[in-house]
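**Student:**
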Amino acid sequence: MAQRPDDPAPGAQPDAALPADADDQIAEHRYGREPTSALPAASHPIAHWFDARLPLISGFRREYVAYPMPRNLNYLWNFGAFTTVALAVLLLSGIFLALHYTASTSLAFASVEAIDRQVPSGWLLRSIHMGGVSMFFAVLYVHTWRSLYYGSYKSPREVLWLTGMALLAMVMAAAFAGYILPWGQMSYWGLVVATNAASAIPVLGHWLAGLLQGGPTIGDASLHRIYVLHFVMAFAAIGVVVLHVAALHITGSNNPTGVEVKGPRDTIPFHPYYTTKDGLGLAVFVLVFAILVFFLPGWLTLSDNYVEANPLSTPADISPEWYFAPFYAILRAVPSKLGGLVLAVGSILVLFAIPWLDRSPVRSARYRPIYRWLMPLLLLSFVLLGIAGLKRPEGLWLAISRLAALYWFIHFLVVLPLLPRFERTLPEPDSIAGGAR
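The C-terminal residue of the sequence shown carries number 437 in full-length UniProt numbering, and the numbering is unbroken.
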């Protein structure tokens, strides 16, 4: 049997007999990691003293400067950095907006108007916050689709995937709460739709609706609870991001081939290679963000939400923001209120089970000829659901939403478990740097 590259040669001493820096040698040879002893020490005496007692500087260098990354990552891997930047922008702008917002049904809309018209640069802060939400969900959805395409949820990265999906669920809750806070027409009636959907749940429904409303009807208590939910979910997301990044640094990043790192030839240090690449991508991200904020502000929210909430005037059609539209389309795809809620929530929960639904040993769709063509179909179903969610639930768009929702569940619950039984995968490369077998 052929000897593995990391097996000791015949007659060689075991690892325990290696010199004191053996751990560095093993890490460098097997995983391509920069040896800790090779990292430059802090130059300033004070920094060296501090780092010897709390190794923040050396830890940062190890995890963000010399950290080995697969050498073949494409620009789709930039979207993780975009998501982090967008979340930071949302948190900072949200803190400043909170200084001027009043969580009261009689004053909330007026306080938002005052931010736009009276607070210095308030219009800019609010546009950045609203634009940041759209940019955040756009890059988050691309980031998720990339993970699905290249199999970044497979062993040993299940925890990485679960933390990512938890982050998706939390920011959706935070974004829904933020959608309510301006207390425009769409805000109020969106909350009505949510409480009605919650009340349809057997046994716990009325209790959940009362918990969300803070009383028998929607009022000041409801808005205050939504305000608290918005902040709690937003800041809790920071903790989940930390867990997500920690899980990434433990298992290492996936790559377009889906092949694990075999040695130093497969990796390059994070800095300067990927910091430069991320920097270029961030420049484009900021440019698109600026165009959205300064030239296309009308895209950031629905026009009906610039009208103060009126419980006595129901809008002709209650529409969500675009990033909720696919799941809203699923909610309305069936005539049953409870059935629609189960499907809408299930369409998100099924994502948590993907690491165990996909039985294929091959990660990347590059080497899965059938799955590679089914992924664009999944993307198309998501886009069609998004368009249908912004249309009236009738006629052609209702039929499209039902077909797209059907494929969404078929893809995850039928295709992923059964496809590996008859799909003939292509040969994977021996290594990232090497050629194909």
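Here a beta-carbon is modelled for each residue, glycine too, at the ideal position from N, C-alpha and C.
Can you check whether the CB of I226 is closer than 7 Å to the CB of I268?
**Tutor:** Contact: no.
**Student:** Taking the beta carbon of A177 as the centre, do at least 16 other beta carbons fall within 10 Å, making it buried, or is it exposed?
**Tutor:** With 16 or more Cβ atoms within 10 Å of its Cβ, A177 is classed as buried.
**Student:** Quick check: what's the CA-CA separation for E321 versus P355?
**Tutor:** Looking at the two C-alpha atoms, the distance is approximately 29 Å.
**Student:** Give the C-beta separation of A209 and S199 to the nearest angstrom, bearing in mind that I take them to be a contact with Cβ-Cβ under 8 Å.
**Tutor:** Confirmed, about 4 Å.
**Student:** Flag this pair as touching only if the segment 254-262 and the segment 180-194 have three or more C-beta atom pairs under 8 Å; answer yes or no.
**Tutor:** Cβ pair count under 8 Å is below three, so no.
**Student:** Can you tell me which residues form a DSSP beta bridge with T267?
**Tutor:** For T267, which the question treats as bridged, DSSP gives the partners P70.
**Student:** Considering only their Cβ atoms, is the gap separating G281 from N78 smaller than 7 Å?
**Tutor:** Yes, the Cβ-Cβ distance between N78 and G281 is below 7 Å.
**Student:** Have a look at I410, H224, I201 and flag the residue whose alpha-carbon is nearest the alpha-carbon of T102.
**Tutor:** The shortest C-alpha separation from T102 is found at H224.
**Student:** In terms of residues, what are the limits of the alpha helix (DSSP H) holding E423?
**Tutor:** Here E423 belongs to no alpha helix (DSSP H), and DSSP marks it neither H nor E.
**Student:** Just mark H230 as buried or exposed, buried being the case when its beta carbon has 16 or more other beta carbons within 10 Å.
**Tutor:** Result: buried.
**Student:** With three or more beta-carbon pairs closer than 8 Å as the criterion, would you say the segment 400-407 touches the segment 376-384?
**Tutor:** Yes: at least three Cβ pairs fall under 8 Å.
**Student:** Taking S106 as the reference, which of L349, E308, W373, S347 has the closest Cα?
**Tutor:** Nearest of L349, E308, W373, S347 to S106, Cα basis: E308.
**Student:** Under 8 Å Cβ to Cβ from G219, same chain only, skipping five residues before and after it: list those, please.
**Tutor:** Cβ neighbours of G219 beyond the five flanking positions: T105, Q213.
**Student:** Please confirm whether any heavy atom of the ligand NAP lies closer than 6 Å to the CB of A247.
**Tutor:** For the structure depicted, the ligand NAP is absent and the ligand set is empty, with no information on it obtainable.
**Student:** Are there 16 or more other CB atoms within 10 angstroms of the CB of W49, so buried, or fewer, so exposed?
**Tutor:** The residue is exposed, with fewer than 16 neighbouring Cβ atoms inside 10 Å.
**Student:** Just how far apart, CA to CA, sit residue 438 and M69?
**Tutor:** This structure cannot settle anything about residue 438, because the visible part of the chain is limited to 1 through 437.
**Student:** Between the beta-carbon of W189 and the beta-carbon of P315, is there less than 7 Å?
**Tutor:** Going by C-beta atoms, W189 is nearer than 7 Å to P315.
**Student:** Could you give the distance in angstroms between the alpha-carbon of R62 and the alpha-carbon of S121?
**Tutor:** About 40 Å.
**Student:** What is the DSSP secondary structure of G151, reduced to helix, strand or coil?
**Tutor:** G151 falls in the coil class under three-state DSSP.
**Student:** Since W356 is in the alpha helix (DSSP H), which residue starts that stretch and which ends it?
**Tutor:** Here the alpha helix (DSSP H) through W356 covers 354-357.
**Student:** Reducing DSSP to helix, strand and coil, say where E308 ends up.
**Tutor:** It is a strand residue.
**Student:** Mind checking residue 438: buried by the 16 CB within 10 Å criterion, or exposed?
**Tutor:** The first residue shown for the chain is 1 and the last is 437, placing residue 438 beyond what the model contains.
**Student:** Enumerate, from N- to C-terminal direction, the unbroken alpha helix (DSSP H) stretches of 4 or more residues contained entirely within the segment 182-239.
**Tutor:** Qualifying alpha helix (DSSP H) stretches, in chain order: 185-199, 205-213.
**Student:** Which same chain residues end up closer than 6 Å to residue 438 when comparing Cβ atoms and leaving out the 5 residues on each side of it in sequence?
**Tutor:** Nothing can be reported for residue 438, as the shown portion of the chain is limited to 1 through 437.
**Student:** Which same chain residues end up closer than 6 Å to R363 when comparing Cβ atoms and leaving out the 5 residues on each side of it in sequence?
**Tutor:** Cβ neighbours of R363 beyond the five flanking positions: G151, K154, G258.
**Student:** When the Cα atoms are used, what is the spatial distance from I370 to M165?
**Tutor:** The straight-line gap from Cα to Cα measures roughly 25 Å.
**Student:** May I have the straight-line CA-CA distance separating I348 from Y306, to the nearest angstrom?
**Tutor:** So the alpha carbons of these two residues sit roughly 30 Å apart.
**Student:** Just confirm the distance between the C-beta atoms of V240 and T163, as a whole number of angstroms; I'd bet it's less than 8 Å.
**Tutor:** Sure, about 6 Å apart at Cβ, within 8 Å.
**Student:** Determine, using beta carbons only, whether G131 and L343 come nearer to each other than 7 Å.
**Tutor:** In this structure, L343 does not lie closer than 7 Å to G131 by Cβ.
**Student:** Are the beta-carbon atoms of F289 and M135 separated by less than 7 Å?
**Tutor:** A contact, by the Cβ cut-off of 7 Å.
**Student:** With a threshold of 16 other CB atoms inside 10 Å of the CB of residue 455, please say whether the residue is buried or exposed.
**Tutor:** There is simply no residue 455 to check, as the chain begins at 1 and stops at 437 in what is shown.
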